[in-house]
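Asker:
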Amino acid sequence: MLTFALALKAKGTPVPQIATKLTIKTGKNAGRHPSVASLYRALAEAESTRATPHPDGPLPQPSPAASRPTTDGAPEAAPTPTDPAPLAAPSPRACPTCGHEPTTRAQAIHQRADLDVTWLEPDRERPDQIATGRH
Numbered sequence: 086m087l088t089f090a091l092a093l094k095a096k097g098t099p100v101p102q103i104a105t106k107l108t109i110k111t112g113k114n115a116g117r118h119p120s121v122a123s124l125y126r127a128l129a130e131a132e133s134t135r136a137t138p139h140p141d142g143p144l145p146q147p148s149p150a151a152s153r154p155t156t157d158g159a160p161e162a163a164p165t166p167t168d169p170a171p172l173a174a175p176s177p178r179a180c181p182t183c184g185h186e187p188t189t190r191a192q193a194i195h196q197r198a199d200l201d202v203t204w205l206e207p208d209r210e211r212p213d214q215i216a217t218g219r220h
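Just so you know, we're using our numbering here: the sequence shown kicks off at 86 and counts up by one.
1) Identify whether Glu210 lies in helix, strand or coil by the three-state DSSP scheme.
2) Taking the CB atoms as reference points, tell me whether Leu205 and Arg219 lie closer together than 8 Å.
3) Kindly indicate which three-state DSSP category Ile227 falls into: helix, strand or coil?
4) Measuring CA to CA, which of Val100, Pro119, Gln196, Pro101 is closest to Ile299?
5) What did DSSP end up calling Thr189 once you bin it into helix, strand or coil?
6) Give the DSSP bridge partners of Gly218, in chain order.
7) Hey, Leu91 and Leu124: beta-carbon distance below 8 Å or not?
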């Protein structure tokens, strides 16, 4: 019913005239026409929840993959692009060493605490020295 009312309003039909074309299907007012005030309210709510258009106009839609007939009559798949898609920038929460991205706040706090720790361990290349390590 609301979709029909929105379509009539988009065509320029006055709201009181739209109300006479609609019939309430269920409830205590079943079989009656909705009031003009309730129709205005429903139309205003529907228009406020409608998605806003993209500021640069409609987004381009990908074209369907083209196919070429082969010698045996079966269509050949369209060639795939050879350039790889650019990688997304790492999240600021990701670990700079291992790349792990915490999923909860508790994991993020624990990871930040690990990054503050400097580990002292024997240097494998120089047995008499101590090497420092981080997560």
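Beta carbons are placed, not taken as given, at the ideal position from N, Cα and C, and that holds for glycine.
Note that the structure is a prediction, hence the values are computed from the model and not measured.
Answerer: With the structure as the only source:
1) Position 125 of the sequence shown, counted from the start, is the residue given in the question as residue 210. Here Glu210 sits in coil by DSSP.
2) By 1-based counting over the sequence shown, the position of residue 205 is 120. By 1-based counting over the sequence shown, the position of residue 219 is 134. No, these two residues do not count as a Cβ contact at 8 Å.
3) In the structure as shown, the chain starts at 86 and stops at 220, and residue 227 therefore has no counterpart that could be examined.
4) With the chain covering only 86 through 220, there is no way to say anything about residue 299.
5) Numbered from its first residue, the sequence shown carries residue 189 at position 104. The three-state reading of DSSP puts Thr189 in coil, since its state is none of H, G, I, E or B.
6) If you number the sequence shown from 1, residue 218 lands on position 133. Partner(s): Trp204.
7) Looking up residue 91 in the sequence shown gives position 6. Looking up residue 124 in the sequence shown gives position 39. Cβ atoms of Leu91 and Leu124: not closer than 8 Å.
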